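One structure is given below, encoded as C-alpha cells.
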Amino acid sequence: MSDFKHYTVMLNEAVDALECTDGKIYVDCTLGGGGHSELILKRISPNGRLISFDIDDEAIAHASERLKEFKNLTIVKSSYTNIKSELKKLGIEKITGGVILDLGASYHQLTKAERGFSFSKNAPLDMRFNMDSDFSAYDVVNSYKEEDLVRIFSEYGEERFSKRIAKKIVEVRAKKKIETTGELAELIVSATPRVKSSIHPATRVFQAIRIEVNNELKNVNFVLHDILDLLDVGGIISVISFHSLEDRIVKKILKHESLKCRCNEMICKCAPPKIELVTKKPIMATDEEIKENPPSRSAKLRVARCIS
476 MSDFKHYTVM
486 LNEAVDALEC
496 TDGKIYVDCT
506 LGGGGHSELI
516 LKRISPNGRL
526 ISFDIDDEAI
536 AHASERLKEF
546 KNLTIVKSSY
556 TNIKSELKKL
566 GIEKITGGVI
576 LDLGASYHQL
586 TKAERGFSFS
596 KNAPLDMRFN
606 MDSDFSAYDV
616 VNSYKEEDLV
626 RIFSEYGEER
636 FSKRIAKKIV
646 EVRAKKKIET
656 TGELAELIVS
666 ATPRVKSSIH
676 PATRVFQAIR
686 IEVNNELKNV
696 NFVLHDILDL
706 LDVGGIISVI
716 SFHSLEDRIV
726 KKILKHESLK
736 CRCNEMICKC
746 APPKIELVTK
756 KPIMATDEEI
766 KENPPSRSAK
776 LRVARCIS
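Under the numbering used here, the residues of the sequence shown are numbered 476 to 783, in order.
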C-alpha cells in the first residue's frame, strides 16, 4: 500500500478535543489513513481501547499495517452507521471516552483515477466509498429521472444551473449511456454558461452525485443520534465536516441536544439536555495547515460533551 496517500486534517485539534484518557473506550468512525487513530492510541495506551470503522479495503489494509504495533485496536470493516450493532457484537454498551467523526472523503479515494470521484482524470463513473456496494454514480447519472437529478444537484451541490445540466444529461443518455467522468464533465461544461469562477463547472455536480451514491447526509444524521445514545457521561464527540451541508446538520443536532427545552410547550416536559457544547463556534484549520493541505480550508471541527 505504498501508493496510499492520505492527509489527516486537524489531527491535533480533533484528538486534543477528546481529552484522551488511558483506560477508556474510544471510537474512530472513519479510520481512513489511520492518522487520528494512531494519535488516539498513543494517548490511551496501554489500557485504553480504540474501535475504528471503515468500509474501504485499501484504507483498512494501509491502516492495519501502520497501526500493527497497537494491541488495543479493533478495526471493524463496516459503515459507521452500524456503530450500535457492531459495538454490541464486541460487548460494548457505552463509549466511555469519546468518538471522532471525520466526514471527509480521503485524498486517496478522491485522487485515485479508477475510483471515479474526480473529473480531472477520466475514469468509469463510480464514486463508491464501499466497493462492495452495487450502486454507483453510473446508476445516478443514467437512471434517475430528470426531476430527481435537479433535486440532488440543487440540494446536495447547491448548483444554480441544475435544471440545465439535468436536462442535458437526459438528452445525451437517451442516445448513449454516459459512462465516464470525462464524458460527464464535458457535458456539464457544455450545459452551463461561462461564468467567472475559481472552481470547475462540474465541481458541485460531482459533489452532489458522490453524496447521493454514498448517502452521506442521511448517514451523518443517523450516526450522530446513535453516537449520542452510546456516549457515557463525560464522553466527548469530535466532528470534522467539510462542506456547509454536513456542517449544518452537525450544528443543528448538537445545538438541539444541548438545549434545556426542546419541546416548545408552555410547560416544559423535556428531559435534561444530553450534551453541552464545548465549541460554540467551529474550530478551523490553521494557516500553516491550509498551506500544506489546501482542502483543509473548508474543514470545521465541532465538539460536544455528554452530560446526561
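Glycine included, every Cβ here is placed at the ideal spot set by N, Cα and C. On a predicted model such as this, the values are computed, not experimentally measured, just so you know.
| Check | Outcome |
| --- | --- |
| Cβ shell of Asn739 (< 6 Å), same chain only, five flanking positions each side left out | none |
| Helix, strand or coil at Ala779 [DSSP, three-state] | strand |
| Residues of its chain near Asp497, where Cβ-Cβ distance is below 6 Å and the 5 sequence neighbours each way are ignored | Ile519, Asn522 and Gly523 |
| Three-state class that DSSP yields for Ser477 in the structure shown | Its pLDDT being 48, under 50, Ser477 is placed unreliably in this model, and the coordinates cannot settle the point. |
| Selected residue, minimal CA-CA separation from Val712, among Asp614, Ser719, Asp701 and Leu720 | In the sequence as presented, Val is not what sits at residue 712; that position holds Ile. With distances taken between Cα atoms, Ile712 lies closest to Asp701. |
| Nearest residue (CA-CA) to Leu548, options Asn597, Leu565, Gly657 and Ala641 | Leu565 |
| Backbone CA spacing between Leu703 and Val616 [nearest angstrom] | 35 Å |
| Val680 and Ile653 closer than 8 Å at C-beta | no |
| Reduced DSSP category for Tyr619 - H, G, I as helix; E, B as strand; rest coil | coil |
| Under the three-state DSSP convention, the category Leu578 falls into | coil |
| Span of the beta strand (DSSP E), counted from its first residue to its last, around Ile550 | Leu548 to Lys552 |
| Proximity test, Ile663 beta-carbon vs the ligand ADP heavy atom, cut-off 7 Å | The ligand ADP is absent from the structure shown, which contains no ligand whatsoever. |
| Beta-ladder partner(s) of Glu488, from DSSP | Answer by DSSP bridge pairing: none, since Glu488 is not bridged. |
| Ser512 versus Asp503 - alpha carbon distance | 6 Å |
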